[in-house]
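Chains as they are written, first to last, in full-length UniProt numbering: chain F, 1 to 213; chain U, 1 to 213. Note that beta-carbon positions come from the ideal geometry of N, C-alpha and C, so glycine has one too. Only one structure is covered here, and it is reproduced in the block below.
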DNA sequence: TTCTCGATGTGTACACTGCCCACAACAGCG
DNA sequence: CGCTGTTGTGGGCAGTGTACACATCGAGAA
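What follows is the structure, encoded as structure tokens:
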């Protein structure tokens, strides 16, 4: 029995929302230590439940990690949406479309920098195109990061900035650039560079995408 | 230095090159299962040695993984060099410089696709700028992947393709794009796409870098 | 109302991991 | 020859994932 004041020991035999509690605990561990820190037994401990109870809701540790990863992708979507909200449209369709794609990138990088553990966890699980738009990976706005990038690109086509024949699969190019920068910043050679330097590199990378798409 | 690779039971008390054998075993495990599959005890088992012997050569599992990761980066450098060799200079300095940067990207992506486990392992260990050029991460040509990208960019500046003021930190932009694509291909939404599709995306990404740098 | 049953949580157990400690064997030195 | 520091061994501990049998209980059937 845990006498944790924040997590009162339950009185009922049933937990109520053990699945959700395990995911929440997993997210908390992922926040501090990345995907490797998501430990099944520790999650059950935090939920005040015996280790094997987890197996009523997840086939194995990988399944739990997958659910945690999806949740993290939703958080990424939220952060991207926040960046979009910070750059409201001005009325100039072309400039707005450009700025929206930029905002998606800025939100993505911001998420990587603010929550490196969650960022790593979000992308620690193999994924494929079919599942990239699964609602489980969506944020509060109901969209996944992948769909947010796609939306920004559609707007660029609608505004005439990108010719339609370049639209196809452009998600992958934009995403690759931004995702790569995110990795380099939290785990790669850019780690520990001062903030201004990273801001500058982010700007230049987004310039490159803007020019090169 | 590297004889008797398949010696089940050694006769001498000393192993001879246990450190190297452990790294080699680690690389083999990484090849099949990525960084998570690099397990210390299994490495000692494959080296025909007791578990604790590893601690005479590595402080802990993280240290072994780090050494394996460095080795993998060297393999990446080798694959990039191979791609460079496959596109020999034609005499046109400008076209050659462009092609060299392209070849670096192609080699990088080829490595990710051919050896996903080693690729993941190479970048599973936190790193910073100071260590990006450590000789431990170099390939047979003595250069690290980071240095190979840098060289290609220097050639682009020398050929007048890139203005010098855009040279600084351009490594990060080119690297981010290619690295991101590599991750998307082996772990992300592009996983399982057919080869032609990936080739096409790679081409378009390198176009973007070429245009956008 | 009572009974049953499927869903959910518990207890025990096993194989495996990383890592700590004390000890054993040996190569290279005087 | 003996000493000594390096390298490998053996036993042990805490912690992990997970398989199996069992306990508890909520809800629908009788």
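ask   = Cβ of residue 172 of chain U less than 9 Å from any chain F Cβ?
value = Along the second chain, read from residue 1 onward, the residue named residue 172 of chain U stands at position 172. Yes, residue 172 of chain U lies at the interface with chain F (some Cβ there is under 9 Å from its Cβ).
message = Measuring straight from C-alpha to C-alpha, what distance separates residue 144 of chain U and residue 209 of chain U?
response = Residue 144 of chain U sits at position 144 when you count from the first residue of the second chain. Residue 209 of chain U sits at position 209 when you count from the first residue of the second chain. Those two C-alpha atoms are separated by around 21 Å.
message = Suppose contacts are defined by Cβ-Cβ distances below 9 Å. Is residue 189 of chain F in contact with residue 146 of chain U by that definition?
response = Mapped onto the first chain, residue 189 of chain F falls at position 189. Mapped onto the second chain, residue 146 of chain U falls at position 146. In this structure, residue 146 of chain U lies closer than 9 Å to residue 189 of chain F by Cβ.
key: Alpha-carbon spacing of residue 7 of chain F relative to residue 44 of chain F, whole angstroms   = As a working mapping, residue 7 of chain F is identified with position 7 in the first chain. As a working mapping, residue 44 of chain F is identified with position 44 in the first chain. Only weak support is given to the placement of residue 7 of chain F: the predicted model assigns it a pLDDT of 44, under 50, and the value that follows is read from those uncertain coordinates. Each residue's Cα considered, the two are about 12 Å apart.
query = Can you list the residues of chain U that residue 214 of chain F reaches, using a CB-CB cut of under 9 Å?
reply = Because chain F here runs from 1 to 213, residue 214 of chain F falls outside it and cannot be looked at.
request  = Sort F:19, F:206, F:62 and F:125 by Cα distance to residue 182 of chain F and report the nearest one.
outcome  = Within the first chain, the letter at position 182 stands for residue 182 of chain F. Selected option, being the one with the closest Cα: F:206.
ask   = Roughly how many whole angstroms lie between the Cα atoms of residue 1 of chain F and residue 48 of chain F?
value = Position 1 of the first chain, counted from the start, is the residue given in the question as residue 1 of chain F. Position 48 of the first chain, counted from the start, is the residue given in the question as residue 48 of chain F. Summary for residue 1 of chain F: the model assigns pLDDT 37, below 50, so the residue's position carries little reliability; its value from the coordinates is reported in the next sentence. Using only the alpha carbons, I get a separation of about 7 Å.
query = Can you tell me the Cα-Cα spacing of residue 23 of chain U and residue 135 of chain U, whole angstroms?
reply = Against the second chain, residue 23 of chain U aligns to sequence position 23. Against the second chain, residue 135 of chain U aligns to sequence position 135. Using only the alpha carbons, I get a separation of about 16 Å.
task = Locate the alpha helix (DSSP H) running through residue 28 of chain U, then write down its first and last residues.
result = Within the second chain, the letter at position 28 stands for residue 28 of chain U. From DSSP, the alpha helix (DSSP H) with residue 28 of chain U extends over 18-33.
ask   = Taking 9 Å as the CB-CB cut-off, is residue 210 of chain F touching chain U?
value = The sequence position of residue 210 of chain F within the first chain is 210, counting from 1. At least one chain U Cβ lies under 9 Å of residue 210 of chain F.
task = With DSSP collapsed to three states, give me the class of residue 176 of chain U.
result = By one-based count along the second chain, residue 176 of chain U stands at place 176. Residue 176 of chain U falls in the helix class under three-state DSSP.
query = Along chain U, which residues have their Cβ under 7 Å away from the Cβ of residue 50 of chain F?
reply = Position 50 of the first chain, counted from the start, is the residue given in the question as residue 50 of chain F. By Cβ distance, chain U contributes nothing, its closest Cβ being about 26 Å from residue 50 of chain F, past 7 Å.
ask   = Who are the near neighbours of residue 178 of chain U in its chain, counting only those whose CB is closer than 6 Å to its CB and skipping five residues on each side?
value = Counting from one through the second chain, the residue named residue 178 of chain U turns up at place 178. Once the five neighbours on either side are set aside, the close Cβ partners of residue 178 of chain U are 105 and 108.
message = Between which residues of its own chain and residue 12 of chain F is the CB-CB distance below 8 Å, once the five residues before and five after are set aside?
response = Within the first chain, the letter at position 12 stands for residue 12 of chain F. So no residue of the chain qualifies.
query = Are the beta-carbon atoms belonging to residue 162 of chain U and residue 148 of chain U less than 9 Å from one another?
reply = Here residue 162 of chain U corresponds to residue number 162 of the second chain, with the count starting at 1. Here residue 148 of chain U corresponds to residue number 148 of the second chain, with the count starting at 1. No. Outside cutoff.
request  = Would you verify that the beta carbon of residue 55 of chain F is, or is not, closer than 9 Å to some beta carbon of chain U?
outcome  = Here the question's residue 55 of chain F lines up with position 55 in the first chain. With 9 Å as the cut-off, residue 55 of chain F does not count as an interface residue toward chain U.
request  = Enumerate in chain order the residues of its own chain whose CB-to-CB distance from residue 138 of chain F is below 7 Å, with the five nearest sequence positions on each side excluded.
outcome  = Position 138 of the first chain holds residue 138 of chain F. Once the five neighbours on either side are set aside, the close Cβ partners of residue 138 of chain F are 74, 77 and 144.
ask   = Is there at least one Cβ from chain U nearer than 9 Å to residue 93 of chain F's Cβ?
value = By 1-based counting over the first chain, the position of residue 93 of chain F is 93. With 9 Å as the cut-off, residue 93 of chain F does not count as an interface residue toward chain U.
Nearest-angstrom beta carbon gap, residue 141 of chain F and residue 81 of chain F [assumed within contact, 8 Å] = The residue you call residue 81 of chain F lines up with position 81 of the first chain. The residue you call residue 141 of chain F lines up with position 141 of the first chain. Confirmed, Cβ separation roughly 5 Å.
request  = Rounded to whole angstroms, what's the CA-CA distance from residue 19 of chain F to residue 132 of chain U? Just pull it up for me.
outcome  = Numbered from 1 along the first chain, position 19 holds the residue referred to as residue 19 of chain F. Numbered from 1 along the second chain, position 132 holds the residue referred to as residue 132 of chain U. Distance between the alpha carbons of residue 19 of chain F and residue 132 of chain U: 42 Å.
Within-9 Å CB hit, residue 101 of chain F to chain U = As a first step, residue 101 of chain F must be located in the first chain, where it is residue number 101. Judged by the 9 Å Cβ criterion, residue 101 of chain F is not in contact with chain U.
query = Counting along the chain, where does the alpha helix (DSSP H) carrying residue 15 of chain U start and finish?
reply = Here residue 15 of chain U refers to the residue found at position 15 when the second chain is read from its first residue. Where residue 15 of chain U is concerned, there is no enclosing alpha helix (DSSP H), given that its DSSP letter is neither H nor E.
inquiry  = Can you confirm whether residue 128 of chain U, when its beta carbon is compared against all beta carbons of chain F, has any partner nearer than 9 Å?
reply    = The count along the second chain starts at 1 and reaches residue 128 of chain U at position 128. So, interface residue.
key: Neighbourhood of residue 68 of chain U by C-beta distance below 7 Å, restricted to the same chain and skipping five residues each side   = The residue labelled residue 68 of chain U in the question sits at position 68 within the second chain. The answer, listed in chain order, is 23, 26, 27, 30, 38 and 121.
task = At 8 Å on the CB atoms, spell out the chain F contacts of residue 167 of chain U, in chain order.
result = Here the question's residue 167 of chain U lines up with position 167 in the second chain. Chain F residues near residue 167 of chain U: none, gap ~12 Å exceeds 8 Å.
key: Start-to-end residues for the alpha helix (DSSP H) that takes in residue 69 of chain F   = In the first chain, counting from the first residue as 1, residue 69 of chain F sits at position 69. Segment 61-85, the alpha helix (DSSP H) holding residue 69 of chain F.
request  = Would you please state the rounded distance, in angstroms, between the beta carbons of residue 61 of chain F and residue 51 of chain F? I believe it to be under 8 Å.
outcome  = If you number the first chain from 1, residue 61 of chain F lands on position 61. If you number the first chain from 1, residue 51 of chain F lands on position 51. Not a contact, Cβ separation roughly 11 Å.
query = Going by the CB atoms, is the gap between residue 103 of chain U and residue 185 of chain U shorter than 9 Å?
reply = In the second chain, counting from the first residue as 1, residue 185 of chain U sits at position 185. In the second chain, counting from the first residue as 1, residue 103 of chain U sits at position 103. Not closer than 9 Å, so no.
task = Please report the residue range of the alpha helix (DSSP H) in which residue 215 of chain F lies.
result = Because chain F in this structure spans residues 1 to 213, residue 215 of chain F falls outside the shown range and cannot be described.
ask   = Using CA coordinates, which residue listed in F:99, F:33 and F:114 is at the minimum distance from residue 85 of chain F?
value = Within the first chain, residue 85 of chain F is the residue found at index 85, counting from 1. When each option's Cα is compared against that of residue 85 of chain F, the closest is F:99.
message = Below 8 Å on the Cβ atoms is my contact criterion, and I expect residue 126 of chain U with residue 187 of chain F to pass it. Report the Cβ-Cβ distance as a whole number of Å.
response = Walking along the second chain from the start, residue 126 of chain U turns up at place 126. Walking along the first chain from the start, residue 187 of chain F turns up at place 187. Contact holds; Cβ gap of about 5 Å.
inquiry  = On the criterion of 16 or more Cβ atoms from any shown chain inside 10 Å, does residue 213 of chain F qualify as buried, or is it exposed?
reply    = One-based indexing of the first chain puts residue 213 of chain F at position 213. Looking at its Cβ environment, which holds 16 or more other Cβ atoms inside 10 Å, residue 213 of chain F is buried.
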